[in-house]
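Each protein sequence line maps, in turn, to chains A and B.
Numbering of the first sequence is given in my numbering, commencing with residue -17 and proceeding in unit increments.
Numbering of the second sequence is given in my numbering, commencing with residue -17 and proceeding in unit increments.
Number of protein chains: 2
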Amino acid sequence: MGKLREDLRQYEGCGLASALEAMGERWSFMILRAAFNGLKHFEEFQSELGIARNILAGRLARLVEHGILERTALDSDRRKIVYALTAKGMDLLPAMVALRQWGDKWCQGASTPVLVDSRDERPIRPVALQSHDGRTLDLAELRWKHAEELLELGRSSENAA
Amino acid sequence: MGKLREDLRQYEGCGLASALEAMGERWSFMILRAAFNGLKHFEEFQSELGIARNILAGRLARLVEHGILERTALDSDRRKIVYALTAKGMDLLPAMVALRQWGDKWCQGASTPVLVDSRDERPIRPVALQSHDGRTLDLAELRWKHAEELLELGRSSENAA
DNA sequence: TCATGTAGGTTGCGAATCACTACTTATCCT
DNA sequence: AGGATAAGTAGTGATTCGCAACCTACATGA
C-alpha cells in the first residue's frame, strides 16, 4: 500500500502532527469516545456509530497499530474480540474532553452526558492551560520557547516559529 | 453539491461531533497551529505547511464559515487577505495543546518549541482534567452524568453550570 | 499608461479514501 | 450437522486529496 500523501509529521518537529497522524482521520475520535464509554466490540461500535463496517475495521486496526487500543480475543468465546483502551489511549482523555467542551460551548451546546467527579458528582472544570504553579493562563500570557533557550536560560532570543 | 455522508453530529448530542465537524478534516489543526504562531496570509500558510493551494483555500473557507478564522482584506493593499483567529478560534488552544502534548509524550517526543508562561518563562503544566475545586482527576474518578440527573439534583440545590 | 509582478485563489485530472451493500470466515449453540 | 452470531472482506460508486497549471484583481514603477 504505497501512500502518496506525505506524513503530516515531516513538516514539523511538532507533536501535534504526530498526534494527528494517529487520531486525525474521520471517526477516530468518535471511536475513542465510544471506547471511553465502555464499548468493546466491533458490533457495538458499528451499531452505536453507524459507521461502515470496512471503515470501522480499518480504523480499529489503525488504532491498534498506534497502540491506542489493544485487540484481544476472549477465551470464553473466541469469536468475540475485545478492543480495550491502552494507557496511551486513556491519556487522550484530556484532549478529547477539551475538544468536546469547545464543541459544547461554541456549536449549539447542550451535550447530553456530562463528565462529573465521581466523588461529589459535580461537573469537572473546563480544560484550561495552567502555569507550573496552577494559575490559569490566558493566550496573552503565553509564548513559545525553544528547547535550547530552556537549556541556556542566560541568553534570551526573540522568535516564535 | 449534496453531501452523501452524514454529519457526525446526528449520531450524538455530543459536542465532540460538532467540534469534529468544524475541525476534523485533514490540515485544519495544522492551519490553526500556524495561525496561533502568527501566520496570517494565504502564501504564508501555503509555504509553511506545504499544503496544496486548492486544499488550503477550501480549509480556510471552511474555518471562516465556522467562525474560527476571520477573513479581512487589508486597506493598505487590497490584494492581501488577513486570516485572523476569532475568540472561538482562540478558545481551541487548550484542545490543540492537549493533543500536542499527547503527541509529544507518546509519539517520538521532542517537540522543539514549548509553551511557557511569559511571566516566569517556565513551561506550562500538562493539560489535565480537574474537579470543580481544582484537584486533578484520574479516569477512575470520573463518570458520565446525564443532564436530567443534574437537573434532578439541582431541584434541591439551586444551581446549573 | 502599460508592462510586469504579486496575492489569492480556481480548474482539471488522476490517485486515494469513504461509504453502502453483500459476501465470507470462524466460532458457538443445540 | 444446522443454524445463529461476531468480526471482518470484497465490490462498486461517490467524494475528497494532491499536484500543477491557469486565472483575476490589484499594485508597482519606468
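Heads up, the beta-carbon is just placed ideally off N, CA and C, and yes, glycines get one too.
Query, Result
"Can you give me the C-alpha to C-alpha distance between residue -16 (chain B) and residue -1 (chain B), rounded to a whole angstrom?", "Unreliable positioning characterises residue -16 (chain B) in this predicted model, as indicated by a pLDDT of 34, which lies under 50. The coordinate reading is nonetheless provided below. Between residue -16 (chain B) and residue -1 (chain B), the C-alpha separation is close to 20 Å."
"Does residue -16 (chain A) have its Cβ less than 8 Å from a Cβ in chain B?", "The predicted model places residue -16 (chain A) with a pLDDT of 33, which falls under 50 and marks its position as unreliable; any figure quoted below should be read in that light. It does not: the Cβ of residue -16 (chain A) has no partner Cβ on chain B nearer than 8 Å."
"Please give the ranges of any alpha helix (DSSP H) in the segment -1 to 57 of chain B, keeping only runs that are unbroken, at least 4 residues long and fully inside the region.", "10 to 18, 24 to 31 and 35 to 47"
"Using the beta-carbon of each residue, which ones in chain A are nearer than 8 Å to residue 127 (chain B)?", "95, 96, 97, 98, 103 and 105"
"If distances are taken between C-alpha atoms only, which option among A:128, A:3 and A:5 comes closest to residue 97 (chain B)?", "A:128"
"So is residue 138 (chain A) buried or exposed if we call it buried at 16+ other beta carbons inside 10 Å?", "Residue confidence for residue 138 (chain A) is low, a pLDDT of 31 falling below 50, so the modelled location carries little weight and cannot support an answer."
"Tell me where the alpha helix (DSSP H) around residue 66 (chain B) begins and ends.", "No alpha helix (DSSP H) contains residue 66 (chain B), which is instead part of the beta strand (DSSP E) from 63 to 67."
"Just to confirm before moving on: does the CB-CB distance between residue 65 (chain A) and residue 38 (chain A) stay below 8 Å?", "no"
"Hey, how far is the Cα of residue 26 (chain A) from the Cα of residue 32 (chain A)?", "10 Å"
"How would you call residue 1 (chain B), buried or exposed, if buried means at least 16 neighbouring beta carbons within 10 angstroms?", "buried"
"Hey, residue 16 (chain B) and residue 30 (chain B) are a contact pair by Cβ (cut 8 Å); roughly how many whole angstroms apart?", "6 Å"
"Would you call the segment 76 to 86 of chain A and the segment 99 to 112 of chain B in contact, with 3 or more CB pairs under 8 Å?", "yes"
"Could you have a look at residue 125 (chain A) and say whether DSSP puts it in helix, strand or coil?", "strand"
"Quick check on the burial criterion: 16 or more other C-beta atoms within 10 angstroms. Buried or exposed for residue 34 (chain B)?", "exposed"
"Strictly by DSSP, which residues pair up with residue 97 (chain B)?", "A:126"
"Taking Cβ to Cβ, would you say residue 20 (chain A) is nearer than 8 Å to residue 51 (chain A)?", "no"
"In angstroms with no decimal places, state the Cα-to-Cα distance between residue 11 (chain A) and residue 125 (chain B).", "19 Å"
"Check whether the Cβ atoms of residue 121 (chain A) and residue 106 (chain B) lie closer than 8 Å to each other.", "no"
"Since residue 22 (chain A) meets chain B, which of its residues come closer than 9 Å, beta carbon to beta carbon?", "Those within 9 Å of residue 22 (chain A) in chain B number zero; the least Cβ separation is about 16 Å."
"Can you tell me whether residue -4 (chain A) is buried or exposed, with buried defined as 16 or more other CB within 10 angstroms of its CB?", "buried"
"How would you call residue 56 (chain B), buried or exposed, if buried means at least 16 neighbouring beta carbons within 10 angstroms?", "exposed"
"Helix, strand or coil: how does DSSP classify residue 105 (chain B) here?", "strand"
"Are the CB atoms of residue 68 (chain B) and residue 49 (chain B) nearer to each other than 8 Å?", "yes"
"Would you mind reading off the limits of the alpha helix (DSSP H) that contains residue 82 (chain B)?", "75 to 88"
"At a Cβ threshold of 8 Å, is residue 28 (chain A) touching chain B?", "no"
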